[in-house]
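Trainee:
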Amino acid sequence: MKNLRAMTLKELQGLVKGLGEKPYRAIQIYKWLWQKGSDDIESFSDLPKRFRIELAQYFEAKGLLEKERLYSEDGSVKFIFGLHDGLEVESVYIPDRNRKTVCVSTQVGCPIGCEICATGKLLRYRRNLKFWEIAEQVLRIGKALGVRITNVVYMGMGEPFLNYDEVIKSIELINNDHTLKIGARKITVSTVGIIPKIYELAEYPRQVKLAISLHTAIQSKREQIIPIARRFPLDELREAVGAYYRSKRRFVTFEYVLIPGFNDTDEDIEALRKFIGNLPSKVNIIPFNPFPGAEFRAPTDREIYRFYEKMMLLPYTITLRKSKGRDVKAACGQLALLRQSNPHKIELHLSDNRHELR
Ligand code: SAH
Ligand code: SF4
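Using the working numbering, the final residue of the sequence shown is 366, and nothing's skipped along the way.
(1) Using alpha carbons as the reference points, say which of Val112, Ile61, Leu63 lies closest to Lys86.
(2) Any heavy atom of ligand 2 inside 6 Å of the beta-carbon of Ile226?
(3) Whole angstroms is fine: what's the gap from Asn181's alpha carbon to Leu328's?
(4) How big is the Cα-Cα spacing for Lys189 and Arg238?
(5) What does the alpha-carbon distance come out to for the pair Ile1 and Ser53?
(6) So, for Lys216: in the same chain, excluding its five sequence neighbours on each side, which residues have a beta-carbon less than 7 Å away from its beta-carbon?
(7) Is Thr127 helix, strand or coil when you go by DSSP?
(8) Answer yes or no: do Ile203 and Glu244 have a C-beta to C-beta separation smaller than 7 Å?
(9) Can you tell me which residues form a DSSP beta bridge with Phe262?
(10) Going along the chain, which residues of its own chain have a beta-carbon closer than 7 Å to the beta-carbon of Glu29, five neighbours each way excluded?
(11) Near Arg258, which residues of its chain fall below 7 Å by C-beta distance, leaving aside the five closest residues on each side in sequence?
(12) For ligand 2, is there any heavy atom lying closer than 6 Å to the beta carbon of Glu167?
(13) Check whether the Cβ atoms of Ile124 and Ile233 sit closer than 7 Å, and answer yes or no.
(14) Tell me whether Thr273 is buried or exposed, calling it buried when 16 or more other Cβ atoms sit within 10 Å of its Cβ.
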């Protein structure tokens, strides 16, 4: 059976036409799927009964299956979703005043394998997600929690720019007026720096935000933690980001995972200043979140604030990400952990982390 959810609006319109139905039926179906979130074709009550029966003969409307939900003390909620082939992905809901953000995964595992990342280090890469599997994470979480999602960040498991076409299709879907209506300006795609795709995003007509996982502006150091850094060197990365800015006129965010003893010296800050130059940017400092087998440790609060204070002297907007969802391993780079351990171990992680946070 084919899944209606795997069809774009254009394809649905073609299908409806082919079955000899009125064109507006396609929009009705689309709304049932992507606004109301119904999995059951029988429930599409504004379609004629005989059309519903005909559709249900050849199609299903199954979405992702919610497998687990973990509430964090800071309000973020982590979800594990089952895909139709039995694999799983994780997504996180992050509320922050009026902003209700969902962080989506784009791949099962990640083939890049950065040293700092649990997804890259602990999980085997399995496959790219389809556009609708990415959009489903946003839809399901909004429904499950009864909230209207306002922002989406492509910062979960996987490298979005290794799955560029499906990522763009998923943006088109969640942005559509008949679905979730999430404004392009409220959508951020984070990449480790796949340069050709940065140029493509620069040409993409919607005002999607770009975040670059930089972590260090020193080429030799970057190669130590990001395996593809050699193929996509810093000088070329900087040019690509400049092209994105010229095309969109939107601030670029550089993510800087703070690793004590690795990228936190005055020399590192100076390299960063030289790298960014006069490009209007934000730098988001993310304290490294350790995982079993990680090469690095977490910075202490003192190390975080000392670094932050020094960074504040740079002529860019500097933000410090409080590690949301740490107690349920929902923070970035931690999404791979839960499935690695058995339920008893999860309990252990939980108490470990509370202790660490105190
Ligand atoms: N593949 C994309 C998007 C997913 S990772 C990318 O790398 O940009 C989202 C962010 O979480 C990245 O900035 C990544 O570097 C960061 N991250 C990964 N592991 C982390 C960890 N252990 N602690 C803190 N941040 C981490
Ligand atoms: Fe992949 Fe991003 Fe993790 Fe690197 S940080 S392994 S690119 S998900």
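We put the beta carbon where it would ideally sit given N, CA and C, even for glycine.
Mentor: The structure says:
(1) The residue you call residue 86 lines up with position 78 of the sequence shown. That would be Val112, whose Cα lies nearest to the Cα of Lys86.
(2) Here residue 226 corresponds to residue number 218 of the sequence shown, with the count starting at 1. No, Cβ of Ile226 sits at least 6 Å from all heavy atoms of ligand 2.
(3) For the purposes of this step, residue 181 is taken as residue 173 along the sequence shown, with counting starting at 1. For the purposes of this step, residue 328 is taken as residue 320 along the sequence shown, with counting starting at 1. A quick correction: the sequence has Leu, not Asn, at residue 181. So the two alpha carbons sit approximately 31 Å from each other.
(4) The residue you call residue 189 lines up with position 181 of the sequence shown. The residue you call residue 238 lines up with position 230 of the sequence shown. For Lys189 and Arg238, the distance between alpha carbons rounds to 39 Å.
(5) Residue 1 lies beyond the residue range present for the chain, which begins at 9 and ends at 366; the question has no answer from this structure.
(6) Taking the sequence shown and counting its residues from 1, the one referred to as residue 216 is at position 208. Lys is not the amino acid found at residue 216; the sequence shown has Val there. Cβ within range, chain order: Ile179, Ala192, Ile195, Val197, Leu209.
(7) In the sequence shown, residue 127 corresponds to position 119, counting from 1. Reduced to three states, the DSSP call for Thr127 is helix.
(8) For the purposes of this step, residue 203 is taken as the residue at position 195 of the sequence shown. For the purposes of this step, residue 244 is taken as the residue at position 236 of the sequence shown. Cβ atoms of Ile203 and Glu244: closer than 7 Å.
(9) Translated into the one-based positions of the sequence shown, residue 262 becomes position 254. Paired residue(s): Ile220, Val291.
(10) Your numbering for residue 29 matches position 21 in the sequence shown. Excluding sequence neighbours, Glu29 sits near Phe59.
(11) The count along the sequence shown starts at 1 and reaches residue 258 at position 250. Gln215, Lys217.
(12) By 1-based counting over the sequence shown, the position of residue 167 is 159. True, at least one ligand heavy atom lies under 6 Å from that Cβ.
(13) Here residue 124 refers to the residue found at position 116 when the sequence shown is read from its first residue. Here residue 233 refers to the residue found at position 225 when the sequence shown is read from its first residue. Cβ distance < 7 Å, so Ile124 and Ile233 count as in contact.
(14) Within the sequence shown, the letter at position 265 stands for residue 273. Exposed is the call here.
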